[in-house]
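Only one structure is covered here, and it is reproduced in the block below.
Residue numbers (the numbering used here), protein chains in the order written: chain A, 5 to 343; chain B, 5 to 343.
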């Protein structure tokens, strides 16, 4: 560090727009003073970062959040948006049964974007990264017409096999860890112009994926796993198709929390729809051999059945997921290009 | 594969828009029939991919390209845009002295985007990935107002130390591998409304980074390395600042190719400006110990000097890079938020 480079942030650092501060000024600000955790062997500031991959493999996933499509800055603070962008990716790492090791971030935004918005997003990315024990090791910032955050997460399997979507077998039990329906309820509240109850709106703004539950499930023998980002039924359909099985969800095992019942009543909505088709909570859903001891916090919510003649699994057209033995109207899958 | 899933592309696959085809339909199309190379242990289709990291470390970098900021679809084909997006990231891996192992791609685009544009970009990403011996192992597609491609590249150091920007020492020689100024000349041609000469326009459309030269330089003892993406002087300034040295470029060693001289004469431009400040060719610049045997194709173009009292290297304000011993007007750095 040179004498002319102050160690702390000054109050003027976040004034103005990115168009005034410039790309390198912003990068300097959001990198300054961050401590990198152990997996980061070489952090930001070079052509690329170097991250530990102790068992000789690295798990990698990428997801992009776009303003007005995935978030609104009048509904969420920049820090909440940053947390959510990190969480969506870290949950994908957990869903492979892996421990996260690093995040990289590519951010595009209009020149008029306040610097404080971008430092807020960076703070949120860092805060969520820290809850998962990792650092933001690299990134890119550029101009665009619309604010967009593409995050890549890396992870380590620590000598375990990855838990894919393809390993569910007839006879397995289906289990869930974490909340479903809360983010959807929060989004419904915000869409009606309300800002409370805080607990559901907060679930939309910042999901709380159970990161540690992914590796725990892998160690407990999970045969397939996914994070619930598009909706429980839609994501279970990914497992059912990849594993060539039918998954039957037992609705009685999916308690509707009182709070969601209250919100649904106030909005005239069906809370069960939120649980079965609401995305963005990033719970983990996994299948385990029948009789396996489920790790703490996992709840049995269904069974895995053979794909019978009655349920032809075609390309994308069939109903590989049932609720109480019957197809559930629509699978409620979220397609970012559907209207 | 099920009987209802055709093995080959039909002619109707690329008709219509992504809004009609949907997110999952597109992913299925761009993944289908791709062979993954050896480093890909688990390819696309799950929550995350798994890639080999044989020495227990992974090199990672991310870069985003935005339509109208980085490319125009009336100047480049979708395939050229895809190649360029991949090349920019693969060059960063090479600049660490690493071998690329995988690409991940996050793509955002308007609902009206033709499917053929997106499959063209995917084809280009795959084509460039193949020149570097890697696959596209994962990705995400979502809606946005503007076409944007964020690529993450991973790489392996194969037990070597990373070649950072911070290792240049006084007395080292500066060497260059690959073209500089060609992409800038091509961009200048396009900006005047011309479409030829093809060789410079092609350099803008698809750079040809010397990927293998990165690991070769590392093995030959390179002390610092960077890929020239923002402009030679601007990128050398990153090395000079990180290494706390002054770099002197010897202009006589930088031949102006006849073709660039011709183009410059036709446009009334100074070709030397293109060589010294033009970005996007993704040549590699590296410093080597004096007397080191430079690997094939590297050309000595300057020297590394101690930072003297006459050249105070402040925060960002000084001139750590000289041309023939003197500051070169502006350092020509490309800032994506500068106008």
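Using N, Cα and C, we set each Cβ at its ideal position, and we do this for glycine too.
Go to residue i, then tell me how far its beta strand (DSSP E) extends in each direction, as first and last residue.
i, result
"residue 281 (chain B)", "Residue 281 (chain B) -> not in any beta strand (DSSP E); alpha helix (DSSP H) instead, spanning 275-281."
"residue 62 (chain B)", "61-70"
"residue 304 (chain A)", "303-310"
"residue 296 (chain B)", "From DSSP, residue 296 (chain B) is part of no beta strand (DSSP E); its letter is neither H nor E."
"residue 44 (chain B)", "44-46"
Just list the residues that DSSP pairs residue i with in beta bridges.
i, result
"residue 160 (chain A)", "A:103"
"residue 75 (chain A)", "A:71"
"residue 325 (chain B)", "B:251"
"residue 170 (chain A)", "For residue 170 (chain A), which the question treats as bridged, DSSP gives no partner whatsoever."
"residue 193 (chain B)", "Partner(s): none; residue 193 (chain B) has no beta bridge."
"residue 178 (chain B)", "B:291, B:306"
"residue 146 (chain B)", "B:112"
"residue 230 (chain B)", "B:289"
"residue 53 (chain B)", "A:64"
"residue 183 (chain B)", "According to DSSP, which records beta bridges pairwise, residue 183 (chain B) is partnered with nothing at all."
"residue 38 (chain A)", "Beta-bridge pairing links residue 38 (chain A) to no other residue."
"residue 31 (chain A)", "DSSP output for residue 31 (chain A) lists no bridge partner at all."
"residue 330 (chain A)", "A:327"
"residue 154 (chain A)", "A:68, A:110"
Using the C-alpha atoms, what's the distance from residue j back to residue i?
i, j, result
"residue 134 (chain A)", "residue 333 (chain B)", "43 Å"
"residue 49 (chain B)", "residue 142 (chain B)", "7 Å"
"residue 264 (chain A)", "residue 329 (chain A)", "25 Å"
"residue 324 (chain B)", "residue 305 (chain B)", "16 Å"
"residue 58 (chain A)", "residue 288 (chain A)", "25 Å"
"residue 310 (chain B)", "residue 239 (chain B)", "18 Å"
"residue 85 (chain B)", "residue 209 (chain B)", "7 Å"
"residue 283 (chain A)", "residue 258 (chain B)", "56 Å"
"residue 286 (chain A)", "residue 218 (chain A)", "11 Å"
"residue 220 (chain B)", "residue 101 (chain B)", "7 Å"
"residue 112 (chain A)", "residue 147 (chain A)", "5 Å"
"residue 69 (chain A)", "residue 213 (chain B)", "30 Å"
"residue 29 (chain B)", "residue 149 (chain B)", "20 Å"
"residue 193 (chain B)", "residue 170 (chain B)", "36 Å"
"residue 245 (chain A)", "residue 124 (chain B)", "28 Å"
"residue 19 (chain B)", "residue 80 (chain B)", "20 Å"
"residue 91 (chain A)", "residue 183 (chain B)", "41 Å"
"residue 27 (chain B)", "residue 331 (chain B)", "51 Å"
"residue 83 (chain B)", "residue 296 (chain B)", "39 Å"
"residue 63 (chain B)", "residue 162 (chain B)", "11 Å"
"residue 278 (chain A)", "residue 236 (chain A)", "9 Å"
"residue 75 (chain A)", "residue 195 (chain A)", "12 Å"
"residue 152 (chain A)", "residue 121 (chain A)", "12 Å"
"residue 294 (chain B)", "residue 176 (chain B)", "5 Å"
"residue 233 (chain B)", "residue 88 (chain A)", "31 Å"
"residue 230 (chain A)", "residue 96 (chain A)", "7 Å"
"residue 41 (chain A)", "residue 211 (chain A)", "23 Å"
"residue 37 (chain B)", "residue 78 (chain A)", "43 Å"
Can you find the residues in the same chain that come closer than 7 Å, C-beta to C-beta, to residue i, ignoring five residues on each side of it along the sequence?
i, result
"residue 25 (chain B)", "119"
"residue 179 (chain B)", "290, 292, 298, 302, 303, 304, 305"
"residue 31 (chain A)", "145"
"residue 222 (chain B)", "101, 164, 167"
"residue 23 (chain B)", "115, 116"
Between residue i and the rest of its own chain, which residues show a CB-CB distance below 6 Å, the 5 nearest in sequence each way excluded?
i, result
"residue 172 (chain A)", "227, 228, 243, 247, 249, 291, 308"
"residue 267 (chain B)", "189, 204"
"residue 136 (chain B)", "94, 104, 215"
"residue 207 (chain B)", "186, 187, 190"
"residue 35 (chain B)", "48"
"residue 275 (chain A)", "260, 264, 265, 268"
"residue 46 (chain A)", "53, 54"
"residue 126 (chain A)", "34"
"residue 327 (chain A)", "253, 255"
Which residues in the same chain have their Cβ closer than 8 Å to the Cβ of residue i, if we skip the five residues on either side of it in sequence?
i, result
"residue 21 (chain B)", "115, 116, 117, 118, 119"
"residue 93 (chain A)", "65, 66, 67, 107, 155, 156, 157"
"residue 312 (chain B)", "250"
Where do the ends of the alpha helix (DSSP H) carrying residue i lie?
i, result
"residue 84 (chain B)", "82-98"
"residue 58 (chain B)", "Unbroken run through residue 58 (chain B): none, as it is neither H nor E."
"residue 4 (chain B)", "A query on residue 4 (chain B) cannot be resolved here, the shown segment of chain B reaching from 5 to 343 and no further."
"residue 25 (chain A)", "22-25"
"residue 221 (chain A)", "217-223"
Whole runs of the beta strand (DSSP E) within the segment 234-261 of chain A, excluding any shorter than 3 residues: 249-253
Alpha helix (DSSP H) segments (min. 4 residues) lying fully within the segment 110-142 of chain A: 119-135
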